[in-house]
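Following my numbering, the numbering of the sequence shown begins with 1 at its first residue and continues without gaps. Virtual Cβ for every residue (Gly too), placed ideally from N, Cα, C. Note that the structure is a prediction, hence the values are computed from the model and not measured. As structure tokens, the structure follows; a few thoughts come after it.
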Amino acid sequence: MSWGTELWDQFDNLEKHTQWGIDVLEKYIKFVKERTEIELSYAKQLRNLSKKYQPKKNSKEEEEYKYTSCKAFLSTLNEMNDYAGQHEVISENMTSQITVDLARFVQELKQERKSNFHDGRKAQQHMETCWKQLESSKRRFERDCKEADRAQQYFEKMDADINVTKADVEKARQQAQIRHQMAEDSKADYSSSLQKFNQEQHEYYHTHIPSIFQKIQEMEERRIVRIGESMKTYAEVDRQVIPIIGKCLDGIVKAAEAINQKSDSQLVIEAYKSGFEPPGDIEFEDYTQPMKRTVSDNSLSNSRGDGKPELKFGGKSKGKLWPFIKKNKPPPPPPASASPSAVPNGPQSPKQQKEPLSHRFNEFMISKPKIHCFRSLKRGGATPEDFSNLPPEQRRKKLQQKVDELNKEIQKEMDQRDAITKMKDVYLKNPQMGDPASLDHKLTEVSQNIEKLRLEAQKFEAWLAEVEGRLPTRGEQARRQSGMYDGQGAPTTANSCAQDRESPDGSYTEERSQENEVKVLATDFDDEFDDEEPLPAIGTCKALYTFEGQNEGTISVIEGEILYVIEEDKGDGWTRIRRNEDEEGYVPTSYVEVYLDKNAKGAKTYI
């Protein structure tokens with residue numbers, strides 16, 4: 001089966017068919033190219049989708065991913081990212097293995113087709129030329145034969161006419177002979193042209209055309225084979241990524257199977273556990289007691305010996321309150337003068353009517369945490385450094401986290417110090433490499449940082465030990481001091497901010513029972529505001545700008561005013577200053593120019 005023998009007369013149809021084959025190949029290339037674009041677009045959309053739902057760094061969402069269900073979702077996002085990568089691989093492989101190769105093959109195919117059909121047209125043109133030559137010699141032979149026949153007839157006519165001279169007859173005879181010779185020559189030329197044309201035609205139809213058509217057939221078959229191979233490659237490219245896509249899906253299934261509801265429930269306990277004990281039973285309130293009272297002094301004296309101690313409040317109370325009592329309602333103010341009801345052992349005054357328990361419970365459930373202490377107000381509402389605004393369990397976690405962070409920073413600084421020390425030893429052994437003295441300043445700075453971090457870590461470890469019960473709590477100290485004051489008969493009350501314990505509704509408690517006597521001590525103030533002994537001045541400062549101290553703990557200054565510095569900036573942007581013995585507070589460090597006394601205790605030396 002050969003196009004050269006079977007399709008020897010279908011040159012034009014073969015030309016159209018081969019062009020159609022190239023068009024089909026180009027159409028397939030376009031199809032694959034659009035498929036790669038779809039794969040890239042799909043991969044991009046998958047990556048954007050995965051990125052959209054990734055937790056943001058340093059946000060609340062990132063903390064939520066400690067739960068196993070959220071971890072599984074995060075694994076799903078990561079696997080989808082890898083899944084998108086496989087679609088990118090499909091696009092890249094199809095582009096390199098199919099699109100590029102087929103595009104190059106099409107160009108070669110077009111050149112080969114052009115060359116083959118050019119040879120075919122050239123052979124056709126040669127045959128047409130031979131045919132024209134044959135036709136020309138044939139017409140000349142035909143013309144010469146007719147002229148020779150006419151010359152012969154004319155000669156015979158002249159020869160039969162008796163009136164014609166002998167010379168005319170001879171002339172006619174010679175002319176007939178000439179025409180006859182010309183006809184013989186034309187005949188020989190025509191025979192030669194015919195023989196030559198037949199030979200050329202035989203070669204054309206049995207040699208040249210079959211050869212050219214065979215090349216065209218081979219070219220077309222290569223095109224067909226190539227498009228089939230490309231389709232196989234198309235499927236193989238998809239097949240190659242199926243195992244990896246399967247692993248991605250297996251990863252999603254594995255992450256889903258790793259979800260542990262019990263573990264997540266335990267994490268919820270760790271995240272929100274306050275560490276408080278549930279409130280105890282509510283004791284019976286005897287409203288008939290005032291009816292049994294007498295107006296006599298004897299009844300008063302008897303009630304002093306038998307009655308329960310009465311609650312005493314001063315400023316903001318720190319007595320333990322039942323969690324369902326309204327937290328926004330302040331305790332009654334202390335009496336202006338001494339009275340029997342103010343005596344610790346005197347009879348109790350009638351209590352106010354309580355609201356229904358369900359109302360108090362609802363208020364407790366929807367109550368919002370209030371501002372807990374003066375420390376959170378003194379520097380513009382920042383979180384207390386010791387996390388005293390948190391419940392005990394949450395405070396312990398925060399302190400532990402802070403201690404771990406400080407230990408990591410200490411280890412990092414120690415590694416840096418060791419590296420500098422090793423470099424200094426290298427400089428000492430090889431002075432040409434560098435000056436050892438140039439590292440002294442850096443080594444000193446790192447050592448100071450280590451010491452500062454250690455002090456900071458010790459401070460937080462002390463707070464952590466206090467929370468964990470390894471050290472006496474502030475509440476116990478307050479109770480001891482309260483007992484001392486009771487022995488002296490001088491109860492002390494002061495406006496304070498409770499930092500020791502917090503009840504579930506946000507209020508702070510110190511005593512075990514509601515009936516116990518409340519002692520609010522001045523020592524519960526922040527250590528920076530102790531009234532026992534004023535801090536010494538460590539320098540002076542000049543106010544560069546006017547500052548209006550609106551928050552509690554701040555102090556107003558006027559531009560150009562000279563004041564005393566009693567505590568320098570500890571890195572939070574605030575400096576503690578004093579105007580006189582009664583006026584002191586914090587101002588922004590950038591608002592003052594500080595002049596520290598080098599001889600003052602605790603003052604740092606600035607170079």
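At the C-beta level, T233 and Q400 stay beyond 8 Å of one another.
A direct Cα-Cα distance of roughly 7 Å separates K215 from N116. Here the alpha carbon of W574 sits roughly 38 Å from the alpha carbon of P436.
In this structure, L563 and R578 form a Cβ contact; the two beta carbons are roughly 7 Å apart against a cut-off of 8 Å. Ranked by Cα distance from Y204, the first of D9, G85 and H441 is D9.
Only residues of its own chain outside the window of five on either side were considered, and among them Y427 have a CB closer than 6 Å to the CB of G434, listed in chain order. Taking the Cα positions, K44 is about 7 Å away from A84. Exclusion of the five residues before and after N260 leaves T68 as the residues of its chain whose Cβ lies within less than 6 Å of its Cβ. DSSP places K542 within a strand segment (E or B) once states are collapsed to three.
DSSP lists no beta-bridge partner residue for V467. In the three-state scheme derived from DSSP, where H, G and I count as helix and E and B as strand, T421 is classed as helix. Of the residues assessed, E413 falls on the buried side of the cut-off, its CB having 16 or more other CB atoms within 10 angstroms. Annotation: the segment 159-207 contains the following complete segments of the alpha helix (DSSP H) (minimum length 4 residues), in chain order: 166-203. Annotation: the continuous alpha helix (DSSP H) that includes R239 extends over I209 to E257. In the three-state reduction of the DSSP assignment, Y53 falls in the coil class. For V557, there is no enclosing beta strand (DSSP E), since its DSSP letter is neither H nor E. Residue pairing from DSSP places V565 in a beta bridge opposite G539 and I577. Going by beta carbons, A537 and G560 fall outside the 8 Å limit. L455 counts as exposed, since fewer than 16 other beta carbons sit within 10 angstroms of its beta carbon. Residues Y28, V32, I98, D101 and L102 of the same chain have their beta carbon placed closer than 8 Å to that of S230, with the five preceding and five following residues left out of the count. For R239, the closest of Q86, I22, K30 and K402 by C-alpha to C-alpha distance is Q86. When the Cα atoms are used, Q458 and N93 turn out to be separated by approximately 60 Å.
Burial state of Q107 is exposed, judged by a 10 Å Cβ sphere holding fewer than 16 other Cβ atoms. Note on geometry: alpha-carbon atoms of N163 and A148 lie some 24 Å from one another. Contact between the segment 543-555 and the segment 584-593 is present: 3 or more CB-CB pairs across the two stretches fall below 8 Å.
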